[in-house]
Structure formats: structure tokens, C-alpha cells
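Notes for the one structure printed next.
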Amino acid sequence: MTLNLPMCDLNATGGDMSEEEMHQAIDAIKQRMGDDLIILGHHYQRDSIVQHADLLGDSFLLSRMASESKAENIVFCGVHFMAESADILSRDEQKVSLPNLRAGCSMADMANLEQVEDCWQQLIPGLGLSDPITRADQNAPAEESESYLVPVTYMNSSAELKSFVGAHGGIVCTSSNAAGILDWAFDKAGPNGKVLFFPDQHLGRNTGLAMGLQEDEMAIWSPDDFPDWDALKKSRIILWHGYCSVHRRFNTGQIEALREQDPEALVVVHPECTREVVDASDAVGSTEFIKRYVEEAPSGSRIGVGTEINMVKRLNDQHPGKEIECLDPMVCPCSTMYMIHPTYLLDVLQRIEAGEEANRIIVPEEIAENAKTALDRMLSIPV
Ligand code: SF4
């Protein structure tokens, strides 16, 4: 897909404004636009963006909110794949804008359509499985005798991959609902069928293990390596090799160090962390889960958290009676989420108010249709 990438000129707006003046200008535009505008913010955004968000959540919650919002203009303070999903789920008259078009996701970039199609072309004959694209009813459970390869893509993927998944009888998942989605996919694959899960190997592996699968029932697929056909044949889930560079930084040594300092300390991590980190933690779950875990922990708790630093710092500020700290003392923010700065937000809002389609994200119809099928399948499954 070709993207139009006009860059925000930092000197064009906000450049000679103080931070405070910028915030006032953003608030003033919000007030003038009223119900015509909604600003969505992901938990990993910095505080100076979150203070302007009408709704704050993870990608799952925000994708629902975008589809239910009445506003004509949706400004998505997150990364590119989230804004694409909001565009796919929104009504025709709604316009989705991303304040900085360079805000992508390194994990989402680890799988592209060409690579996934190549993998698919090898796996279907190599494993003797059927492509669900041939099924009259892709939402029906497989018969005992049928064996399909069902694709599941994490929300953190391009619209093109969601479209591929929708066309091939598959589904989208998030870190909030991955177990329910894998259940759905196994049902569609049949007793001897398999699931191809991309792009995050860790979410796939951690979810599979939590559902009772063994490590050797999950094989890795890397587009750069020769396939290990023995491992692939034994597997129930084929895991794309991708990972999140932020969550990969957490390790068991950090958890041991925290527990050495304070044996009572609790540890909660995101499922994009490695299996070893998840095994060493007290709890694992999505950003919404982590938020609830911290809220529900008894006053006086010390909690080490394995997720993005902006969210961890905010949780600490919001819970003065608890000590909330990042497991990695050296951790940096997610570099692409961090690309959304108030200067960019103000710039995009000023242009939208002036009637421009500023930094609009438009997923072409031929991609959006099947991507929506995959997203609608996800949204129809109770979490
Ligand atoms: S935290 Fe990881 S998965 Fe999330 S946007 Fe950043 S790089 Fe992508």
C-alpha cells in the first residue's frame, strides 16, 4: 500500500510557543470542535498527550471506542496500525488522523504481506493442510475429517496482513483476548489443523502455554531461515519470529534483583515479554490487565512492572500509596509511540479545524473489506 507521508513542520506551529501555550491552544481547539472531534490515546503515550485524550486504552479497547464514537474526526495518538484499524472500523463519514505519520511499530514491520504469502504458499502443501479460503462458511467449525491452516494476526500488524487473514478464514487478536481467539482458531482448524500466528512469537507462545500446549507444539517460522519441517509438522501453532523491542528488554535477572531487595514485591508483565520472564512473574496480561492489577493490589504494595515506561510512571503517579516501578531501570520509552508530541498534536488539530484532511489514514477499500471481516470476527467473540 502506498502511503502519503506529509511531514509535520515543527517550526510551522508551536515552534515559538511555550509548552503551556501549546496545551492551551489544543484545549481551545477541542472546545471549539466539541463533539466533532475525539482524541484517542494509547497507554504508552507520554503524559503531555494523555492529558488531552478523551479516551485512554489499549489497542483492543480503542478499536472498539473508535467504532462506537459519534465524532466525525478521530485523532489517534498511538501508532500507525492502530489508526488503520480505527479507519477500517469507523463509519464512512469519519476521518482518522495520526498526529505523526512516522509513528509505526517495529514489531508490526517484522512481517509484511510478501513474506506471509510466501510462508503460506510453503506451509499449505508442505504440511498437507487446506486453505480456509476454499470453505463456503469460514465461520463454521471444521469437520473431524478436515484440517485447515488458520491465520491469526496480532492487532500489531498492517492492514494488508489483516486483510490477508480475513480472506483466508482467519482473525485478529490482541493481548486482551488472545486465548479466546486461539480457541476460535483451533475450532476452525480441526483436530489435526494448525494455526499460523504472527507477528509476535512471544504473545503466541505465552498464550499457547497458558492454554496447556507444550513447547514442542509450537514451532518458529522465520522468513530468513530454512523451515524445520519436523518441528512444523509436530506443531499446533506456527509462530512468526517477530518480537517487541521494548518488551524484549525485560529479563529474569531484573525480577530476581527486585525480589532480593524486597521478597514481598509483586511482578506483573505484558505477554510480549519472553516465556522465561512470564514464568518468573506473579501475573501476566494486557495493559488493561496490568492497570487493573495495580489498582486492585493492597495499599503499600511494591510492584515491578514489565511494560512501557510511560505507562509505568503514570501508574506510579496515580497510586501514591503503592510503589510501582519498571523492572528495567534503564528502559527507554517505545521510540515510535514517543513520536507523538504535543507539537504534532497541535499541528494536526489546527489543520483539521481549518478543514484540511490532516495526516489522514485511509485504508484502500480493497484492503479494508477483508481486514474488517477479520476485525469483526474478533469483536464478535466475548473476552
Ligand atoms: S511497545 Fe512494542 S509492540 Fe508496542 S508499539 Fe512499541 S514497538 Fe510496537
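With my numbering as the guide, the letters of the sequence shown map in order to residues 4 to 386. Ideal placement from N, C-alpha and C gives every residue a C-beta, glycine not left out. Just so we're clear, the structure is a prediction, and the values are computed from it rather than from any experiment.
How would you label Gln257, buried or exposed, when you count the other beta carbons within 10 angstroms and need 16 or more for buried? Here residue 257 refers to the residue found at position 254 when the sequence shown is read from its first residue. Buried.
Alpha-carbon to alpha-carbon, Cys247 and Ser109: Counted from its first residue, the sequence shown places residue 109 at position 106. Counted from its first residue, the sequence shown places residue 247 at position 244. So the two alpha carbons sit approximately 7 Å from each other.
Can you determine whether any heavy atom of the ligand SF4 sits closer than 7 Å to the C-beta of Thr339, and answer yes or no? Mapped onto the sequence shown, residue 339 falls at position 336. Indeed, a heavy atom of the ligand SF4 lies less than 7 Å from the Cβ.
Looking at the structure shown, is Asp50 part of a helix, part of a strand, or coil, going by DSSP? Here the question's residue 50 lines up with position 47 in the sequence shown. Residue state, collapsed to three classes: helix.
With a threshold of 8 Å on Cβ separation, who are the neighbours of Glu146 within its own chain once the five nearest residues in sequence on each side are excluded? As a first step, residue 146 is located in the sequence shown; it is residue number 143 there, counting from the start. Gly193, listed in sequence order.
I'd like the list of long-range same chain contacts for His26, defined as Cβ closer than 8 Å, with 5 residues on each side in sequence excluded. Numbered from 1 along the sequence shown, position 23 holds the residue referred to as residue 26. Excluding positions up to five away in sequence, the list reads Ser51, Gln54, His55 and Pro345.
By how many angstroms is the C-alpha of Ser150 removed from the C-alpha of Leu65? As a first step, residue 65 is located in the sequence shown; it is residue number 62 there, counting from the start. As a first step, residue 150 is located in the sequence shown; it is residue number 147 there, counting from the start. When rounded, the distance between both Cα atoms is 34 Å.
If you draw a straight line from the alpha carbon of Val119 to that of Ile355, how long is it in whole angstroms? Taking the sequence shown and counting its residues from 1, one reaches residue 119 at position 116. Taking the sequence shown and counting its residues from 1, one reaches residue 355 at position 352. Rounded to whole angstroms, Val119 to Ile355 spans 36 Å at the Cα level.
Quick check on DSSP: helix, strand or coil for Asp231? Looking up residue 231 in the sequence shown gives position 228. In the structure shown, Asp231 sits in coil (DSSP, three-state: anything other than H, G, I, E or B).
For the ligand SF4, I want to know if Val272 counts as a neighbour, meaning its beta carbon is within less than 7 Å of at least one of the ligand's heavy atoms. Translated into positions along the sequence shown, residue 272 becomes position 269. Every heavy atom of the ligand SF4 is 7 Å or more from the Cβ of Val272, so no.
Using beta-carbon positions only, say whether Gly288 and Pro274 come within less than 8 Å of one another. As a position in the sequence shown, residue 288 is number 285, starting the count at 1. As a position in the sequence shown, residue 274 is number 271, starting the count at 1. The answer is yes: Cβ separation under 8 Å.
Nearest neighbour of Ser70, chosen from Arg317, Ser93 and Phe79 [CA to CA]: Locating residue 70 in the sequence shown gives position 67, where the first residue counts as 1. Checking every option, the nearest Cα to that of Ser70 belongs to Ser93.
Using the Cα positions of Phe200 and Gln34, report the straight-line distance between them to the nearest angstrom. As a first step, residue 200 must be located in the sequence shown, where it is residue number 197. As a first step, residue 34 must be located in the sequence shown, where it is residue number 31. One C-alpha to the other measures close to 43 Å.
Bridge partners for Tyr246 per DSSP, in chain order? The residue you call residue 246 lines up with position 243 of the sequence shown. Answer by DSSP bridge pairing: none, since Tyr246 is not bridged.
Out of Ala286, Glu163, Arg380 and His250, which one is the CA nearest neighbour of Thr277? Position 274 of the sequence shown, counted from the start, is the residue given in the question as residue 277. Comparing Cα positions, the closest option is His250.
Can you tell which of Ser304, Ile77, Ile41 and Ile184 has its C-alpha closest to the C-alpha of Ile384? Here residue 384 refers to the residue found at position 381 of the sequence shown. Among Ser304, Ile77, Ile41 and Ile184, the Cα nearest to that of Ile384 is on Ile184.
Taking 7 Å as the cut-off, is the beta-carbon of Met110 closer than that to any non-hydrogen atom of the ligand SF4? Working through the sequence shown from its first residue, we reach residue 110 at position 107. Yes; taking the cut-off as 7 Å, the Cβ of Met110 has a heavy atom of the ligand SF4 nearer than that.
Within the same chain, show all residues whose beta-carbon is closer than 6 Å to that of Gln141, passing over the 5 residues directly before and after it, in chain order. As a first step, residue 141 must be located in the sequence shown, where it is residue number 138. Taken in chain order, the residues that qualify are Pro135 and Gly172.
Can you say whether Gly196 is buried or exposed, counting buried as having 16 or more other CB atoms within 10 angstroms of its CB? On the sequence shown, residue 196 is found 193 positions in, with the first residue counted as 1. By the 10 Å Cβ count, Gly196 comes out buried.
Cβ-based burial, Pro9 [other Cβ within 10 Å; buried from 16]: Counting from 1 along the sequence shown, the entry for residue 9 is found at position 6. Bear in mind that a pLDDT of 33 at Pro9, under 50, signals an unreliable position, so the number given afterwards is only what the model happens to contain. By the neighbour-count rule (16 or more Cβ atoms within 10 Å), Pro9 is not buried but exposed.
Alpha carbon of Asp320 to alpha carbon of Asp265, nearest angstrom: On the sequence shown, position 317 is the one that residue 320 refers to. On the sequence shown, position 262 is the one that residue 265 refers to. Roughly 21 Å between the two C-alpha positions.
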